[in-house]
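S.K.:
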Amino acid sequence: MAEAGTPGVAYGLRGVVVDDTRICKIFGEEGRLYYYGYNILELAERCSYEEVVHLLLKGRLPNKSELAQVIKDIKGARGLPYGVRDVIKSAPKTSIPMDVLRTAASALALTDPDPKDDTDEGRYRKAIRLIAQFPEIVAMDYRVRRGEEPVAPHDDLGHAANFLYMLHGTEPGKDAARTMDVALVLHAEHSFNASTFTARVIAATLSDMYSAVAGAVGALKGPLHGGANEGVIKTLLEIGEPANIKPWLEKKMQDKSFRLMGFGHAVYKTLDPRAIVLKKYSKKTGEERGTTKWYEMSEQIEQMMKGREKPLYPNVDFYSASTYYMMGLPPEIYTPIFAVSRVVGWAAHVIEQITHNKLIRPAANYIGEVDKPFVAMEAR
Ligand code: CMC
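Here's what the structure looks like:
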């Protein structure tokens with residue numbers, strides 16, 4: 192009989208190659224990341240989120256007219272249906288924003304004019320609808336639970352700027368809009384991570400885009416995945432002051448089961464390239480807002496963790512947390528922001544999965560018993 196910890200079992204599916212993909216490649220040892228062959232560092236510097244949406248859904252960077260079309264498609268898909276608004280409004284004020292987002296994503300299926308349309312055009316339309324409406328859901332939930340009126344989308348603003356506008360009710364400055372745009376580009380896609388794999392597993396049953404995305408939101412919520420960014424800012428706030436970092440970390444790291452949020456990665460064995468970019472924006476945002484304390488504390492933590500006997504490096508969640516915090520965004524919407532961006536990656540993978548589908552059905556290492564004598568109810 193097999194035992195727990197059996198050699199050869201791919202616990203957590205680490206290193207197991209389960210399918211072909213053209214969407215994204217991560218070189219974990221070197222810390223490099225590509226969307227459809229383009230280096231993330233260049234995309235972050237030179238692209239808008241809308242260009243990345245086209246890249247991920249169509250497989251190529253858009254030319255001017257294609258970009259104008261994708262922007263038009265996204266703007267045309269804005270406007271939350273009443274049914275989804277009701278879901279958000281009826282959620283208890285104490286509910287977790289990711290739970291509201293997951294429920295609202297599900298409700299989007301009920302308000303789709305043609306949910307059974309499984310053509311290429313239908314899948315693109317659903318992807319764009321989810322991309323357009325995720326920021327509205329997050330912003331509406333954010334405002335409603337504060338007792339504020341939801342803000343309708345602004346026709347003249349791009350995706351990132353409009354998201355900030357719907358959150359705050361005022362047009363963001365150029366720097367804030369660009370910082371959000373860069374954050375959205377960086378979070379848009381990351382190969383077969385837990386939430387994307389969830390989406391592909393659901394899509395592979397020939398279920399639909401909304402089910403796949405709702406499942407993916409649930410997977411992203413966990414603190415070992417997208418939930419880590421909220422954990423990072425909570426850690427920084429708990430530490431409080433630079434002088435507390437060393438004793439705090441030394442004490443926490445003595446506990447083998449402790450996980451410092453925003454550090455470590457299942458694939459990267461070095462610095463996550465997205466953290467390099469976000470580190471720059473954390474510093475820049477701090478300088479713009481006149482407080483670099485959270486950036487400096489983050490930097491000190493990074494140095495300490497890198498200097499350990501077994502070094503640990505920041506992942507995407509580490510510097511996004513201080514960046515968002517200094518942009519005046521509250522911790523509970525950091526993971527929803529991740530979802531607002533990643534929804535395009537999920538949709539791209541759902542589309543790719545369907546184009547060469549095979550039902551995903553791994554095997555398990557059974558460590559239970561067999562052929563046990565059945566015991567009648569009276570004898571149990
Ligand atoms: N804090 C403390 N120790 C860690 C951490 C951490 N954040 N990450 C890894 N380790 C240690 C762990 O204790 C273990 O040590 P040992 O070999 O002595 O037992 C070793 O590193 C390997 O850890 P692991 O948990 O087996 O590594 P993994 O590849 O399964 O875990 C991870 C990857 C992301 C779940 C883990 O690094 C972690 O829990 N990080 C904190 C949560 C986090 O930041 N998640 C965001 C991931 S990136 C964004 C995303 O895609 O969601």
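Per the working numbering, the very first residue in the sequence shown carries number 192; after that it's consecutive.
Every residue, glycine too, gets a C-beta built ideally from N, C-alpha and C.
Tell me whether V278, by its Cβ, gets closer than 7 angstroms to a heavy atom of the ligand GTP.
M.R.: Among the ligands modelled here, namely the ligand CMC, the ligand GTP does not occur.
S.K.: With a CB to CB cut of under 7 angstroms and the five nearest residues on each side skipped, what residues in its chain are close to Y333?
M.R.: Position 142 of the sequence shown, counted from the start, is the residue given in the question as residue 333. Counting only Cβ-Cβ distances below 7 angstroms, and skipping sequence neighbours, we find L358 and I524.
S.K.: Quick check: is any heavy atom of the ligand CMC less than 7 angstroms from the C-beta of H540?
M.R.: Within the sequence shown, residue 540 is the residue found at index 349, counting from 1. Checking every heavy atom of the ligand CMC against the Cβ of H540, none is found closer than 7 angstroms.
S.K.: Is the beta carbon of V373 closer than 8 angstroms to that of V468?
M.R.: By one-based count along the sequence shown, residue 468 stands at place 277. By one-based count along the sequence shown, residue 373 stands at place 182. Going by C-beta atoms, V468 is nearer than 8 angstroms to V373.
S.K.: Considering only the alpha carbon of each residue, which of C215, S398 and V566 lies closest to Y229?
M.R.: Numbered from 1 along the sequence shown, position 38 holds the residue referred to as residue 229. Checked all of C215, S398 and V566; the closest Cα to Y229 is C215.
S.K.: DSSP on I551, reduced to helix/strand/coil?
M.R.: By one-based count along the sequence shown, residue 551 stands at place 360. Of the three classes helix, strand and coil, the one that applies to I551 here is coil, per DSSP.
S.K.: Between the alpha carbons of A368 and Y240, how many angstroms are there, rounded?
M.R.: Position 177 of the sequence shown, counted from the start, is the residue given in the question as residue 368. Position 49 of the sequence shown, counted from the start, is the residue given in the question as residue 240. If you take the alpha carbons of A368 and Y240, they lie about 11 angstroms apart.
S.K.: With burial defined as no fewer than 16 other Cβ atoms inside 10 Å of the residue's Cβ, what is the status of S256: buried or exposed?
M.R.: As a working mapping, residue 256 is identified with position 65 in the sequence shown. S256 comes out exposed.
S.K.: Can L204 be considered in contact with the ligand CMC, in the sense that its beta carbon sits closer than 7 angstroms to one or more heavy atoms?
M.R.: Working through the sequence shown from its first residue, we reach residue 204 at position 13. Not so, every heavy atom of the ligand CMC lies at least 7 angstroms from the Cβ.
S.K.: Give a yes or no on whether the C-beta atoms belonging to L427 and M495 are separated by under 8 angstroms.
M.R.: Your numbering for residue 427 matches position 236 in the sequence shown. Your numbering for residue 495 matches position 304 in the sequence shown. Their beta carbons are not under 8 angstroms apart, which means L427 does not touch M495 by this criterion.
S.K.: Only counting runs of 4 or more residues, tell me where the alpha helix (DSSP H) segments fall wholly within the stretch 271-354, in order along the chain.
M.R.: Listed in chain order, the complete alpha helix (DSSP H) runs (minimum 4 residues) inside the stretch 271-354 are 273-281, 288-301 and 311-335.
S.K.: Opposite Y504 in the DSSP bridges: which residues?
M.R.: The residue labelled residue 504 in the question sits at position 313 within the sequence shown. Beta-bridge pairing links Y504 to no other residue.
S.K.: Can you tell which of Y510, T476, K412 and A419 has the C-alpha that lies nearest to the C-alpha of P464?
M.R.: As a first step, residue 464 must be located in the sequence shown, where it is residue number 273. Closest option to P464, Cα to Cα, is Y510.
S.K.: Excluding the 5 residues flanking L348 on each side, which residues of the same chain have their C-beta closer than 6 angstroms to its C-beta?
M.R.: Position 157 of the sequence shown holds residue 348. Closer than 6 angstroms at Cβ, skipping near neighbours: Y356.
S.K.: Nearest CA to the CA of D308: which residue from I542, E236 and M289?
M.R.: In the sequence shown, residue 308 corresponds to position 117, counting from 1. For the residues I542, E236 and M289, the minimum Cα distance to D308 belongs to I542.
S.K.: Check this for me: beta carbons of A419 and D508, under 8 angstroms apart or not?
M.R.: Against the sequence shown, residue 419 aligns to sequence position 228. Against the sequence shown, residue 508 aligns to sequence position 317. For A419 and D508, yes; Cβs fall inside 8 angstroms.
S.K.: Judging by CA-CA distance, which residue of I551, L411, R450 and P564 is the nearest neighbour of P288?
M.R.: As a working mapping, residue 288 is identified with position 97 in the sequence shown. For P288, the nearest C-alpha among the options comes from L411.
S.K.: Is Y525 helix, strand or coil when you go by DSSP?
M.R.: Looking up residue 525 in the sequence shown gives position 334. Three-state result, Y525: helix.
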